[in-house]
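Read top to bottom, the protein sequences are chains A and B.
Just so you know, the first sequence maps onto residues 4 to 359 in the working numbering.
Just so you know, the second sequence maps onto residues 4 to 359 in the working numbering.
C-beta atoms are modelled at their ideal positions from N, C-alpha and C, and glycine is treated no differently.
From a predicted model like this one, the values you see are computed outputs, not experimental measurements.
There are 2 protein chains.
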Amino acid sequence: MSNKIYLTPGPSQLFYTFEEHFKKALFLDIPSLSHRSKDFVSILKHTTDCLRGLLEIPENYDIFFLNSANEAWDRIIQNLVINSSHHFANGAFSKKFCDFALMYGIRASVNKVEDGKPFSNFDIPEEAELIGLTKNETSMGFTLPENEIESLRQQNPDKLIALDIVSATPSIPINLQNVDTAYFSVQKAFGMPPGLGIWICNQKCQEQAAKKSDLVSTGSYRSLDNLKKLADKDQTPETPNMLSIYLLGKIAEDMLGVGKQKIINDTVYKSTLLYQTIDDHPKLKSFVTDPSYQSKTTIVAHADNPSKFISHFREKGLIIGSGYGAHKEHHIRIANFPAHSKETIEMVCDILPSIE
Amino acid sequence: MSNKIYLTPGPSQLFYTFEEHFKKALFLDIPSLSHRSKDFVSILKHTTDCLRGLLEIPENYDIFFLNSANEAWDRIIQNLVINSSHHFANGAFSKKFCDFALMYGIRASVNKVEDGKPFSNFDIPEEAELIGLTKNETSMGFTLPENEIESLRQQNPDKLIALDIVSATPSIPINLQNVDTAYFSVQKAFGMPPGLGIWICNQKCQEQAAKKSDLVSTGSYRSLDNLKKLADKDQTPETPNMLSIYLLGKIAEDMLGVGKQKIINDTVYKSTLLYQTIDDHPKLKSFVTDPSYQSKTTIVAHADNPSKFISHFREKGLIIGSGYGAHKEHHIRIANFPAHSKETIEMVCDILPSIE
Numbered sequence: 004m005s006n007k008i009y010l011t012p013g014p015s016q017l018f019y020t021f022e023e024h025f026k027k028a029l030f031l032d033i034p035s036l037s038h039r040s041k042d043f044v045s046i047l048k049h050t051t052d053c054l055r056g057l058l059e060i061p062e063n064y065d066i067f068f069l070n071s072a073n074e075a076w077d078r079i080i081q082n083l084v085i086n087s088s089h090h091f092a093n094g095a096f097s098k099k100f101c102d103f104a105l106m107y108g109i110r111a112s113v114n115k116v117e118d119g120k121p122f123s124n125f126d127i128p129e130e131a132e133l134i135g136l137t138k139n140e141t142s143m144g145f146t147l148p149e150n151e152i153e154s155l156r157q158q159n160p161d162k163l164i165a166l167d168i169v170s171a172t173p174s175i176p177i178n179l180q181n182v183d184t185a186y187f188s189v190q191k192a193f194g195m196p197p198g199l200g201i202w203i204c205n206q207k208c209q210e211q212a213a214k215k216s217d218l219v220s221t222g223s224y225r226s227l228d229n230l231k232k233l234a235d236k237d238q239t240p241e242t243p244n245m246l247s248i249y250l251l252g253k254i255a256e257d258m259l260g261v262g263k264q265k266i267i268n269d270t271v272y273k274s275t276l277l278y279q280t281i282d283d284h285p286k287l288k289s290f291v292t293d294p295s296y297q298s299k300t301t302i303v304a305h306a307d308n309p310s311k312f313i314s315h316f317r318e319k320g321l322i323i324g325s326g327y328g329a330h331k332e333h334h335i336r337i338a339n340f341p342a343h344s345k346e347t348i349e350m351v352c353d354i355l356p357s358i359e
Numbered sequence: 004m005s006n007k008i009y010l011t012p013g014p015s016q017l018f019y020t021f022e023e024h025f026k027k028a029l030f031l032d033i034p035s036l037s038h039r040s041k042d043f044v045s046i047l048k049h050t051t052d053c054l055r056g057l058l059e060i061p062e063n064y065d066i067f068f069l070n071s072a073n074e075a076w077d078r079i080i081q082n083l084v085i086n087s088s089h090h091f092a093n094g095a096f097s098k099k100f101c102d103f104a105l106m107y108g109i110r111a112s113v114n115k116v117e118d119g120k121p122f123s124n125f126d127i128p129e130e131a132e133l134i135g136l137t138k139n140e141t142s143m144g145f146t147l148p149e150n151e152i153e154s155l156r157q158q159n160p161d162k163l164i165a166l167d168i169v170s171a172t173p174s175i176p177i178n179l180q181n182v183d184t185a186y187f188s189v190q191k192a193f194g195m196p197p198g199l200g201i202w203i204c205n206q207k208c209q210e211q212a213a214k215k216s217d218l219v220s221t222g223s224y225r226s227l228d229n230l231k232k233l234a235d236k237d238q239t240p241e242t243p244n245m246l247s248i249y250l251l252g253k254i255a256e257d258m259l260g261v262g263k264q265k266i267i268n269d270t271v272y273k274s275t276l277l278y279q280t281i282d283d284h285p286k287l288k289s290f291v292t293d294p295s296y297q298s299k300t301t302i303v304a305h306a307d308n309p310s311k312f313i314s315h316f317r318e319k320g321l322i323i324g325s326g327y328g329a330h331k332e333h334h335i336r337i338a339n340f341p342a343h344s345k346e347t348i349e350m351v352c353d354i355l356p357s358i359e
């Protein structure tokens, strides 16, 4: 790797052990194995076992391998929504899930508030079969607190709840029992190259997909039914991104070795330091102001002149993110993932005050 | 890499230069770049340029990045078939495309002949909007000759023709002008890890997708329309498998350096040697007997005791393939891709006669 450090919110810095595992993968000929071989079946099982441990995925939830969080939106709509869904949107990514539903001709309603602002109304239309939530709105640095998810669960026991955990997991605690399906891509907090998405579903999802497939097609090789059939044998319908499945298992194993709680604690320490340093800076201001809604993994700050900060860091080999979409001209974004050591974040916080 | 050589029909042996390019990719931080950055846009452009040169993809055909050939079937059905398709099937993979269409509720008809046998009837139902062909039936070692594709084109100027070029391209000459869409995955003749699929489409495909999307949904992020919108800017709708896109460009560039004609000539030399050696062996027999239908990239032989051959080669570090599906107990399959040098194939042919 180069001597740059990527603090961009994803694709981001590779996890410390990535290169070493990659070399081992080549030595073991992982990319050349048959995806139906015993060797690969046990690799896939190792990856799901480690993910289950690290993310505390309940036993009755299945783990499927897709290619991106975009594909998870696509497959959720194809399989789990017959007529109507409802989405909470306060940024680009939470909004996009709703757009995907509309593209599929679903009656998707949206509770849209200003970018990065909390929701005050949690009413759900009677007809909505699925509620779309985003744990960490990567574009805005907003996090949806666990108590709001829990309360939505209690008030909507019969609807499906889908939780976007991109750039949140495994850095912050998430109770998956409160949702029916969740998904993430690996190029954020797992410190891997993009090209792999993970989709987690419970039995209620299977039932809804069965109901939908009685009425219309739910797709082909990656219909939920087919994914489940193959996952039960620790396989995938198609030849998957085998190398990334292997590497994700190895990195999840390493993270389990570090300890889930230590990753969570370190995330809190590093994010606290970042928010304090930002708020002490005369030219910066945390975009999300209420600490209970501040993302611990994607720190977004308002800046009058973001490019000054971005280029100052770049000169020192530290790549920080620009604002997302329309916020490009007045935001900076700094990722705080497990691949970003305390020393790196301390260095960022040492440099920040010197930028005027 | 280990000192084994994989002659399996895919996943298969990695191309010679893969590891070197991978190291360079890490040095250049390819996995951490923003997929919207100028750097990545020019990487994607380089890959499409090299593919266009190597596969002689006409200027008016677009190149899209998917994740597998399975996904290409899925997207072709979603975007290009409104009511009806017709499929030529003489093996597991050509059959599977038809199955995908049926799963989507399409009226798919099939011209099904015995595994590995040529087609005699080329009639197409009037209602079929798309004809599904397979250049190289990887499961059976059957190749569809160019003159049969050309004649289908001439007799069906208004229908769409989809050609599966998995495990065929870039090892054998294919005239893409005779088809409207073609697709392949990279873990076969490109000698890469699985997880990337390439989908090639002409303007007629765009028109059919536009017609279909007026009637029903053609998907979301990877609807043909959306893929095209982003490809026109050398981008992808989602964060793609960036590393594989980079590596495919580098390997295609290397292959252009070797020369397309030399790759084709070497493929002919190596396949001729393999078929001769197989037919000289008292316990082996080419499964496809007519040379005009014999695959040059996936050599399939009938054997009374395939495991004897497979284990003998395995002891010498050469991994050959077993028969596909129901043919497991009486076939062996030997891949002949650019990653398999003349020396490797000569070694295989030196060893074969000694197995009794």
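- Taking every protein chain shown into account, the CB of A:Val271 has fewer than 16 other CB atoms within 10 angstroms, so this residue is exposed.
- Within the segment 72-91 of chain B, contact with chain A at the beta-carbon level (separation under 9 Å) is assigned to Ala72, Asn73, Glu74, Trp76, Asp77, Ile80, Gln81.
- Residue-level contact check: A:Lys7 touches chain B, since one or more beta carbons of chain B fall below 8 Å from its beta carbon.
- By the Cβ criterion, the segment 115-125 of chain B is in contact with the segment 143-154 of chain B, since at least three pairs of Cβ atoms, one from each stretch, lie closer than 8 Å.
- B:Gly260 sits in a helix when the DSSP states are folded into three classes.
- At a C-beta separation below 8 Å, B:Leu36 has these neighbours in chain A: Pro14.
- Taking a C-beta distance under 8 Å as the contact criterion, B:Lys191 and B:Gly13 qualify as a contact pair.
- A:Leu199 places its beta carbon less than 8 Å from that of A:Phe68.
- In this structure the segment 62-79 of chain A touches the segment 210-225 of chain B; the number of beta carbon pairs closer than 8 Å is three or more.
- For B:Ala111, the secondary structure class from DSSP, reduced to helix, strand or coil, is strand.
- B:Val182 sits away from B:Thr141, with the two beta carbons spaced by 8 Å or more.
- Taking a C-beta cut-off of 7 Å against chain A, none of the residues of the segment 321-344 of chain B qualify.
- Taking A:Pro128 as reference, the option from A:Ser298, A:Gln16, A:Gln158 with the minimal CA-CA separation is A:Gln158.
- Put simply, the backbone Cα of A:Leu259 is about 8 Å away from that of A:Cys53.
- DSSP, reduced to helix, strand and coil, places A:Asp167 within a strand of the structure shown.
- Short of 8 Å from the beta carbon of A:Asp42, and not among the five residues preceding or following it, lie these beta carbons of its own chain, in chain order: Leu36.
- Taking 8 Å as the CB threshold, B:Phe316 stays off the interface with chain A.
- Contact check for A:Leu163 against A:Leu133 passes: the beta carbons are separated by less than 8 Å.
- Proximity of the segment 53-67 of chain B to the segment 202-209 of chain B meets the contact definition, three or more beta-carbon pairs being nearer than 8 Å.
- Residue-level contact check: A:Tyr272 does not touch chain B, since none of the beta carbons of chain B fall below 8 Å from its beta carbon.
- Take the alpha-carbon of A:Glu153 and the one of A:Pro160: they are about 10 Å apart.
- With a threshold of 16 other beta carbon atoms within 10 Å, B:Lys138 meets it and is buried.
- DSSP places A:Asp228 inside the alpha helix (DSSP H), whose first and last residues are 227-234.
- Under the three-state reduction of DSSP output, B:Glu318 falls in the helix class.
- In this structure B:Leu246 is in contact with B:Ile33, their Cβ atoms being roughly 6 Å apart against a cut-off of 8 Å.
- The beta carbon of B:Pro309 sits no closer than 8 Å to any beta carbon of chain A.
- Contact between A:Val351 and A:Ile337 is confirmed by a C-beta separation of about 7 Å, below the 8 Å threshold.
- Look at A:Ser344 here: in three-state DSSP terms it is coil, with no helix or strand label.
- In terms of Cα proximity to B:Lys236, the closest of B:His38, B:Phe18, B:Gly108, B:Tyr19 is B:His38.
- Looking from the CA of A:Glu151, the closest CA among A:Thr51, A:Asp126, A:Ala234 belongs to A:Asp126.
- B:Ala185 and A:Thr51 have their C-alpha atoms some 34 Å from each other.
- Residue range 41-58 is occupied by the alpha helix (DSSP H) that includes A:His49.
- Residues are counted here when their Cβ sits less than 8 Å from a Cβ of chain B; for the segment 173-193 of chain A these are Ser188, Gln190, given in chain order.
- Taking 8 Å as the cut-off between beta carbons, the residues of the segment 28-58 of chain A near chain B are Leu29, Phe30, Leu31, Asp32, Ile33, Pro34, Ser35, Leu36, Ser37, His38, in sequence order.
- Ranked by Cα distance from A:Phe193, the first of A:Ile8, A:Ser314, A:His343 is A:His343.
- Counting other Cβ atoms within 10 Å of its Cβ, B:Glu130 stays below 16 and is therefore classed as exposed.
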